[in-house]
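Peer 1:
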Amino acid sequence: MENNLEENIGAVSHVIDKYVVTNQLLGSGTYAKVFKGHLKDKPTQTIAVKEIAILSKANNKKFHTNLNREIEILQKLNHPAIIKIYDVVRYPEKLFIFLELCENGDLKQCLQKKKFFTEQEVLNYMSQIVSAFRELYANNIIHRERAGPLAARFC
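Rendered as structure tokens:
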């Protein structure tokens, strides 16, 4: 696997392996930022790229254990309401996780946009959530996060 990290200050994007990572920030958390990206050879196939600064956490064993577990879980699961992982690229200072992009966002974003739902829409969303939790349960996975692998294509 080619691990070619090309970064230019002020550049719109950089190339990592077979992916282009844009500077369009989709979200951020305590340990990671998520950017929009696409396949280098197929710009129409958009993805989400989770960038995690691992160098600053080099001595935090629990952080690395949890991170490796998250990757393992995502690689194991295959369900329409759970984000798919495509690839992982590690560098000494950063880890990049290439994920399915939910173009319409997650449930929280959907709730913020729409405000009110019909009974049928609620039933549909609840069905997706229950189905995803069944998949987690079937794989002996406990979902404790508010965000993470359980992200359905809601809106």
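Under my numbering, the first residue of the sequence shown carries the number 0, and numbering increases by one thereafter. For each residue, glycine too, the CB sits at the ideal point set by N, CA and C.
Mind reading off the beta-carbon distance from E50 to F95? Whole number of angstroms is fine, and I expect it under 8 Å.
Peer 2: In the sequence shown, residue 50 corresponds to position 51, counting from 1. In the sequence shown, residue 95 corresponds to position 96, counting from 1. Rounded to the nearest angstrom, the Cβ distance from E50 to F95 is 6 Å, consistent with a contact under 8 Å.
Peer 1: Can you tell me whether L172 is buried or exposed, with buried defined as 16 or more other CB within 10 angstroms of its CB?
Peer 2: The shown model of the chain, from 0 to 154, leaves out residue 172, and the question about it has no answer.
Peer 1: Can you determine whether any heavy atom of the ligand GTP sits closer than 7 Å to the C-beta of K93, and answer yes or no?
Peer 2: What this structure holds is no ligand at all, so the ligand GTP is not there to describe.
Peer 1: Please classify L66: is it buried, with 16 or more other beta-carbons within 10 angstroms of its beta-carbon, or exposed?
Peer 2: Looking up residue 66 in the sequence shown gives position 67. Flag for L66 reads buried.
Peer 1: Reducing DSSP to helix, strand and coil, say where L66 ends up.
Peer 2: In the sequence shown, counting from the first residue as 1, residue 66 sits at position 67. The three-state secondary structure of L66, taken from DSSP, is helix.
Peer 1: Rounding to the nearest angstrom, what Cα-Cα distance links A80 and C101 in this structure?
Peer 2: Against the sequence shown, residue 80 aligns to sequence position 81. Against the sequence shown, residue 101 aligns to sequence position 102. Computed Cα separation, rounded: 10 Å.
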